[in-house]
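Engineer:
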Amino acid sequence: MTVARNRVDSSIIIQYSATESTSHSDHDLIPYLTLDNQGSLPNHSLVRLRCFIQDNSASFETYPSKCSVFHATTGEEKIMNLIYRDTVELPWEFPINNLSAIRSFSEKQPYFCFAVPAEAEWVKSHITPSTHETDLTQSLARVEITSQDSIAASSNPSDLDKMYHLAVCKDGAQAFQSLMKMKMGHADPTHATIVKTYGNEEFQLNEIIEVIGILDNAKLDAIEDKDMLNEISLSSMLPCVHVILSEKLEGKLVNPLTRIISNPLPKFSEVAQALRQTAIDSLQGCLMGDALAAEYIFLQMFSRITSRAGGTFPVGYLPINLCNAPPAASCFATSLASALHLFVPHVHYLSMKLENLNTGLWIDADQARYNDQVDLGCATADLGLCAGALQLPNSTLLVVDESSLTDGTLVDRGVKNIKAIGNVIQNAEVSFGVGLGGSIQRPVDYRVLVISEGKSMFKELCTIPIQTDPNGSYYTPALTQDQLHLLRIWIEETKHGEPDFEPSMDERIQKEFTESQQTARINNLPVDDGSMLLQRLNLAQLLCRSYGLGQMNDECWKQAGKLETARLARCASFTTRKTSTAK
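Residues in the sequence shown are numbered from 148 upward in steps of one, following the working numbering.
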């Protein structure tokens with residue numbers, strides 16, 4: 148008896164015709180597994196899945212990679228390879244009482260996944276097949292499928308074949324949805340799956356992956372006893388995809404447009420001036436004519452955390468607070484979030500209504516699930532990691548609507564939720580609930596936009612009081628599809644660039660910084676401790692990216708200074724007005 152880890156046998160048993168064509172065009176015919184079709188695809192179908200890694204904490208599973216199975220009627224014995232499947236279907240039976248029939252063991256690693264959250268509709272409409280077409284052809288060419296091993300599914304699957312967790316008692320579906328809500332922090336319909344790998348793949352939390360694999364439809368017999376639900380693991384209620392090929396969609400690959408560029412694109416630096424102004428004009432119309440706020444919001448789209456100084460401080464991070472916003476009843480925040488969805492792949496709107504704070508599972512949901520266990524009437528020990536609604540893909544633009552917060556009493560969960568979102572905003576970290584009362588911190592890279600009427604309760608934000616411009620544009624010009632297409636690619640491509648400094652810039656920046664400190668001391672003004680310098684440097688780099696430049700030049704440095712001067716002057720004026728009003 149042998150144990151082989153991270154080893155994939157070249158012979159797999161799947162329902163895939165040996166005569167099936169494996170030309171590149173046929174790869175487009177492999178269906179994506181979705182919430183709509185997961186009940187109708189036959190068991191052991193070859194499927195494609197694009198999903199989000201919610202939990203990678205499950206232990207690996209040991210399984211018999213080769214064993215002798217027996218025909219239930221004839222007693223016939225044969226060797227079966229159990230890779231890419233979890234069960235042996237009738238009429239074949241697994242030798243539970245005869246371990247000597249197991250020839251070798253291997254391991255597979257399960258991951259809990261669900262549909263990519265906060266995803267824009269234009270992303271879903273542009274989802275394309277994996278780039279691993281050649282690899283897929285080679286993999287399928289190695290598949291051994293014999294008439295003995297192949298277990299064909301009916302061309303007309305029965306209703307039972309279409310059922311997974313819905314076959315349980317009348318409370319089963321409700322219990323399942325409660326588990327999903329606690330696992331993910333929201334009750335929205337979602338497509339949850341188990342993904343199992345057999346090779347060297349190691350998926351990290353919050354990663355977006357695309358896999359090609361074998362669908363294993365878990366089916367449950369009808370359960371009349373509600374208490375029996377406690378004995379059913381969460382994973383047994385979900386469809387499973389056994390991975391043949393996988394690809395991590397990280398960096399610019401989260402935007403599908405960067406993968407399907409067919410025609411040559413213009414050089415960004417040549418079209419940037421006009422294109423960025425078109426985008427800013429569009430945003431200005433959503434911001435009551437405020438051109439300064441529109442500029443900062445546009446620049447934030449190009450931001451990303453490039454490193455963590457001292458292992459904690461996020462460099463390149465630009466969380467923004469748009470204060471002096473209209474009341475929540477005006478739908479200002481939701482309208483802005485919808486507009487931002489046109490530009491970037493992932494935007495998540497989070498309302499801070501009192502009810503959402505007190506009842507929502509945003510982060511560190513473990514204590515909440517422990518307290519709710521009696522109400523749910525089902526076991527929750529199988530949940531693994533819980534992060535709540537703030538577990539999102541990196542580069543998500545998170546719109547936090549603080550203007551929706553109303554007077555009332557915060558319960559314990561509400562206080563924890565506010566602390567949790569504060570940790571996300573200030574430290575760019577998400578807390579995951581583990582065990583009973585435990586938690587772990589994981590770094591994230593969100594672009595945070597807090598919208599508030601007064602100055603935000605959260606610290607370490609780049610504050611921009613919204614200022615209505617009577618001469619500004621209140622009309623939001625509609626961007627053409629060609630403009631949007633180029634903008635979406637441009638933002639993603641240049642965001643991941645790292646502009647260099649022109650040779651003379653280092654010396655100039657250091658000289659200006661020293662002189663500004665000396666001037667502040669002479670005039671008894673606050674002396675910059677380096678935070679304002681870092682903010683201006685960050686803005687200058689974002690300006691370079693937004694113009695498609697490879698080097699930070701004198702013009703970008705000057706423009707960053709002008710933007711910061713205008714912003715700080717507006718902040719001072721806003722504070723003065725608020726103080727006068729209070730008196």
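Built from N, CA and C at the ideal position, the CB exists for glycine as well.
With DSSP as the reference, label residue 403 as helix, strand or coil.
Structural biologist: Helix at residue 403.
Engineer: What do you reckon, are the CB atoms on residue 396 and residue 355 nearer than 8 Å?
Structural biologist: Closer than 8 Å, so yes.
Engineer: Does the count of Cβ pairs from the stretch 459-469 and the stretch 664-672 closer than 8 Å reach three?
Structural biologist: Because the criterion of three Cβ pairs below 8 Å is not met, the stretch 459-469 and the stretch 664-672 do not touch.
Engineer: Would you mind stating whether residue 123 and residue 493 have Cβ atoms separated by less than 8 Å?
Structural biologist: Not covered by the structure: residue 123. The range shown for the chain is 148 to 730.
Engineer: Pairs of beta-carbons, one from the stretch 629-641 and one from the stretch 397-409, closer than 8 Å: are there three or more?
Structural biologist: With the cut-off at 8 Å, the stretch 629-641 and the stretch 397-409 touch.
Engineer: According to the neighbour-count rule (16 or more other Cβ atoms, all chains shown, within 10 Å of its Cβ), is residue 646 buried or exposed?
Structural biologist: Under this definition residue 646 is a buried residue.
Engineer: So, at 7 Å on beta carbons, what are the nonlocal neighbours of residue 683 in its own chain, with the 5 sequence-adjacent residues on each side left out?
Structural biologist: Closer than 7 Å at Cβ, skipping near neighbours: 707, 708 and 711.
Engineer: Among the candidates 183, 178 and 546, whose CA atom is the shortest distance from the CA of residue 193?
Structural biologist: Comparing Cα-Cα distances from residue 193 to each of 183, 178 and 546, the minimum goes to 178.
Engineer: Just verifying my parser: in three-state terms, what is the DSSP assignment at residue 464?
Structural biologist: Note: residue 464 maps to coil in three-state DSSP.
Engineer: Expressed to the nearest angstrom, what Euclidean distance is found between the alpha-carbon atoms of residue 704 and residue 661?
Structural biologist: Rounded to whole angstroms, residue 704 to residue 661 spans 16 Å at the Cα level.
Engineer: Compare the Cα-Cα distances from residue 452 to each of 498, 552, 576 and 389 and report the closest residue.
Structural biologist: The shortest Cα separation from residue 452 among 498, 552, 576 and 389 belongs to 576.
Engineer: Give the secondary structure of residue 444 by DSSP, where H, G and I count as helix, E and B as strand, and everything else as coil.
Structural biologist: It is helical.
Engineer: Let me know if residue 363 comes out buried or exposed under the rule of 16 or more other beta-carbons within 10 Å of its beta-carbon.
Structural biologist: When all chains shown are included, residue 363 counts as buried.
Engineer: Is the stretch 606-614 touching the stretch 713-721 in the sense that three or more CB pairs, one from each, lie closer than 8 Å?
Structural biologist: As far as the Cβ criterion goes, the stretch 713-721 touches the stretch 606-614, which means the pair count is three or higher.
Engineer: Please name the residue, chosen from 687, 654 and 632, that lies closest to residue 410 on a Cα-to-Cα basis.
Structural biologist: For the residues 687, 654 and 632, the minimum Cα distance to residue 410 belongs to 632.
Engineer: Going by beta carbon distance, what residues of the same chain come within less than 8 Å of residue 423, once the five residues before and after it are set aside?
Structural biologist: Result list for residue 423: 445, 693 and 694, in chain order.
Engineer: Under a three-way DSSP split, which group does residue 269 fall into?
Structural biologist: In the structure shown, residue 269 sits in a helix (DSSP, three-state: H, G or I).
Engineer: How many angstroms separate the CA atom of residue 297 from the CA atom of residue 430?
Structural biologist: Because residue 297 carries a pLDDT of 32, less than 50, the predicted location of this residue cannot be relied on, and the following value inherits that uncertainty. Taking the straight line joining both Cα atoms gives about 57 Å.
Engineer: Alpha carbons only, please: which of 460, 468, 485 and 203 is nearest the one belonging to residue 269?
Structural biologist: Of 460, 468, 485 and 203, the residue nearest in Cα terms is 485.
Engineer: If we count the other Cβ atoms within 10 Å of its Cβ and call it buried at 16 or more, is residue 339 buried or exposed?
Structural biologist: Residue 339 comes out buried.
Engineer: Among 658, 634 and 677, which residue has its Cα nearest to the Cα of residue 405?
Structural biologist: Among 658, 634 and 677, the Cα nearest to that of residue 405 belongs to 634.
Engineer: Which of the three DSSP states, helix, strand or coil, is assigned to residue 588?
Structural biologist: Residue 588 falls in the strand class under three-state DSSP.
Engineer: Taking all protein chains shown into account, decide if residue 389 is buried (16 or more other Cβ within 10 angstroms of its Cβ) or exposed.
Structural biologist: It is buried - the Cβ of residue 389 has at least 16 other Cβ atoms within 10 Å.
Engineer: Rounding to the nearest angstrom, what Cα-Cα distance links residue 594 and residue 427 in this structure?
Structural biologist: Looking at the two C-alpha atoms, the distance is approximately 18 Å.
Engineer: Quick check on the burial criterion: 16 or more other C-beta atoms within 10 angstroms. Buried or exposed for residue 547?
Structural biologist: By the neighbour-count rule (16 or more Cβ atoms within 10 Å), residue 547 is buried.
Engineer: Taking 7 Å as the limit between beta carbons, can you name the residues of its chain near residue 442, skipping five residues before and five after?
Structural biologist: Cβ neighbours of residue 442 beyond the five flanking positions: 427 and 710.
Engineer: Could you name the residues that DSSP lists as bridge partners for residue 455?
Structural biologist: 461.
Engineer: Alpha helix (DSSP H) containing residue 233: first to last residue?
Structural biologist: Premise fails: residue 233 is in no alpha helix (DSSP H) and is neither H nor E.
Engineer: Quick one: Cα of residue 721 to Cα of residue 473, how far?
Structural biologist: One C-alpha to the other measures close to 15 Å.
Engineer: Got a sec: does the ligand MN put a non-hydrogen atom nearer than 7 Å to the Cβ of residue 554?
Structural biologist: Although the ligand MN was asked about, the structure shown includes no ligands whatsoever.
Engineer: Which of helix, strand or coil does DSSP assign to residue 228?
Structural biologist: Reduced to three states, the DSSP call for residue 228 is strand.
Engineer: Using a 10 Å radius around the Cβ and a threshold of 16 neighbouring Cβ atoms, would you call residue 313 buried or exposed?
Structural biologist: Only weak support exists for where residue 313 lies, its pLDDT of 31 falling under 50; the coordinates are left without a value.
Engineer: Where do the N-terminal and C-terminal ends of the alpha helix (DSSP H) with residue 561 fall, by residue?
Structural biologist: 559-574 is the span of the alpha helix (DSSP H), which, as asked, contains residue 561.
Engineer: Please report the straight-line C-alpha distance between residue 210 and residue 253, rounded to a whole angstrom.
Structural biologist: Distance between the alpha carbons of residue 210 and residue 253: 6 Å.
Engineer: To the nearest angstrom, how far is it from the Cα of residue 212 to the Cα of residue 203?
Structural biologist: Looking at the two C-alpha atoms, the distance is approximately 23 Å.
Engineer: Could you tell me which residues DSSP pairs with residue 699 in its beta bridges?
Structural biologist: DSSP lists 648 as partners of residue 699.
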